[in-house]
Amino acid sequence: MQEAFYQSESDQPHPGRARALIKAHPEVRQLMVRNPWTAVIAISIVVLQTAIACAMGALGFGYWSLSLLVAFCIGAFANHANYVIIHDATHNLIFRSPSWNKMVAVIADLPNLTPGAMGFRVYHLKHHSHQGDYEYDADLANHWEARLVGNKWYRKAIWLMLFPFFQVTRPPRLKAIKMWDRWFSINLACAIVYDIAIVYFFGWAGFLYLVFAFLFSIGLHPVGARWIQEHYTYDFDQETFSYYGPINRVALNMGYHNEHHDLPSIPWSNLPKLRAMAPEFYALFAG
């Protein structure tokens, strides 16, 4: 069983495959558009999550188990969809203006309770340009993290359940990134105001629902499992993996990860079309 990170000196596959794909199928350029309707989805999800928090606040702490169930069955999918929208906003795939994309990301981030959108924007772009480089790619687990979890299944389950807390320890190790700027401050201020408003109007029971939804959305949950699906390799000849199952319908096609890394200028709504236009580039990949 593998006891350390697999090391490879080969270049990441996506830039070369992107060039070959565009050469073979120049029509895929038609898919490189922006989708402003994504902003409507983001706002709708924020309204939905806030409304559910209101309902759970009215019920009170005595219904914490119902809150947990609703968070697992609805809230996790809702928050995860907004994570995908934050992801598209990071690539400026919603509006032409970077500032408008940042604002959508900040709004979509509200039900997550923590100011993660602008930090994600910084280190995620490094993930694309330096995929697999420990000093630049926050998708790689820390060395201490890997040693702590090891190969025990129950430790891996706990690790995934606590994934948000592990994830926040990774950016400090990265080189050449600047997290704090004006937009990070805006992200932080909006998160604080939203959190205070939730507690003030709906009480701590409403806040607890959003905590549950946040932890499930990127933790021990079917949508949280995509953090493993994307780049945790079991085939050393393949760095990135896609998922084509039904969860894509509520996960805004986040499973199409090879397709996204090949052409990150294509919005979530067009990723299935990319695979349909160039099936020979993806048919042989493990999923």
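Per numbering that gives the first Met the number 0, the sequence shown starts with residue 0, numbered consecutively.
The C-beta atom is built at its ideal place from N, Cα and C for all residues, glycine as well.
Candidates N34, P25, H24, A17, of which the one nearest N269 by Cα = Selected option, being the one with the closest Cα: N34.
task = Tell me, please, whether the stretch 47–57 touches the stretch 200–220 by the rule of three or more beta-carbon pairs shorter than 8 Å.
result = Taking a cut-off of 8 Å on C-beta distances, the stretch 47–57 touches the stretch 200–220, as three or more cross pairs fall below it.
query = Skipping 5 residues on each side, what residues in its chain have a beta carbon closer than 6 Å to that of W182?
reply = For W182, where only same-chain residues beyond five positions count, the Cβ hits under 6 Å are K101, M117.
request  = Identify the continuous alpha helix (DSSP H) that holds Y193 and give its terminal residues.
outcome  = Element bounds for Y193: 181–216.
ask   = When the Cα atoms are used, what is the spatial distance from I21 to A282?
value = Taking the straight line joining both Cα atoms gives about 17 Å.
task = Assign W143 to one of two classes, buried (16 or more other C-beta atoms within 10 Å of its C-beta) or exposed (fewer than that).
result = Exposed is the call here.
task = Give the straight-line distance between the Cα atoms of V103 and V39, rounded to the nearest whole angstrom.
result = For the pair V103 and V39, the Cα-to-Cα distance works out to about 9 Å.
task = Find the nearest neighbour of W267 within the set R18, G254, P278, judged by alpha-carbon distance.
result = Ranking R18, G254, P278 by Cα distance to W267 puts G254 first.
inquiry  = Against chain C, does H127 count as a neighbour if the rule is that its beta carbon must be under 7 Å from one of theirs?
reply    = The question asks about chain C, but that chain is absent: this structure has only one protein chain.
Inter-stretch contact (C-beta, 8 Å, three-pair minimum) for the stretch 60–75 and the stretch 154–171 = With the cut-off at 8 Å, the stretch 60–75 and the stretch 154–171 do not touch.
ask   = So, is V105 buried or exposed, given that buried needs 16 or more other C-beta atoms within 10 angstroms?
value = V105 is classed as buried because its beta carbon has at least 16 other beta carbons within 10 Å across all chains shown.
request  = Would you mind working out which of R274, L67, D261 sits nearest R16, comparing C-alpha positions?
outcome  = The shortest C-alpha separation from R16 is found at D261.
ask   = Does the Cβ-Cβ distance between A41 and A107 come in under 7 Å?
value = The answer is yes: Cβ separation under 7 Å.
At least 3 beta-carbon pairs within less than 8 Å: the stretch 158–169 vs the stretch 212–222 = Note that the stretch 158–169 touches the stretch 212–222; at least 3 beta-carbon pairs, one per stretch, sit closer than 8 Å.
message = Here's the rule I'm using: 16 or more other beta-carbon atoms within 10 Å means buried, otherwise exposed. How should M0 be labelled?
response = With a pLDDT of 49 at M0, under the threshold of 50, the modelled position of this residue cannot be trusted; read the value that follows with caution. Label assigned to M0: exposed.
ask   = Ends of the alpha helix (DSSP H) at H259?
value = 256–261 is the extent of the alpha helix (DSSP H) around H259.
G149 in three-state terms, based on DSSP = DSSP, read as helix, strand or coil, puts G149 in coil.
Cut-off 7 Å between Cβ atoms - residues of its own chain near L273, not counting five sequence neighbours on either side = Correct list, in chain order: V27, L30, E258, L262, I265.
message = Starting from M102, trace the alpha helix (DSSP H) in both directions and tell me its first and last residue.
response = M102 -> alpha helix (DSSP H) spans 97–107.
query = Starting from H79 and walking both ways along the alpha helix (DSSP H), at which residues does that stretch end?
reply = Where H79 is concerned, the enclosing alpha helix (DSSP H) stretches over 75–89.
query = H288 to G61, Cα distance in whole Å?
reply = As shown, the chain starts at 0 and ends at 286. That puts residue 288 outside it, with no answer to give.
ask   = How about H79 and V222: do their beta carbons lie closer than 7 Å?
value = V222 is positioned such that its CB atom lies closer than 7 Å to that of H79.
Cβ neighbour criterion (16 or more within 10 Å) applied to W36 = If you draw a 10 Å sphere on the C-beta of W36, you find fewer than 16 other C-beta atoms in it, and that means exposed.
task = Locate the alpha helix (DSSP H) running through I297, then write down its first and last residues.
result = No statement about residue 297 is possible, as the shown extent of the chain runs from 0 to 286 and does not include it.
ask   = Looking at the structure shown, is N111 part of a helix, part of a strand, or coil, going by DSSP?
value = Helix at N111.
ask   = Do A77 and I44 come within 7 Å of each other at the CB atom, strictly closer than that value?
value = Between I44 and A77, the C-beta spacing is below 7 Å.
ask   = So, using beta-carbon positions, are P114 and A196 closer together than 7 Å?
value = Going by C-beta atoms, P114 is not nearer than 7 Å to A196.
query = Should F213 go down as buried or exposed, given a rule of 16 or more other Cβ atoms within 10 Å for buried?
reply = Buried.
query = Using CA coordinates, which residue listed in W99, N81, Y135 is at the minimum distance from P110?
reply = Looking at the Cα atoms, N81 is the closest of the given residues.
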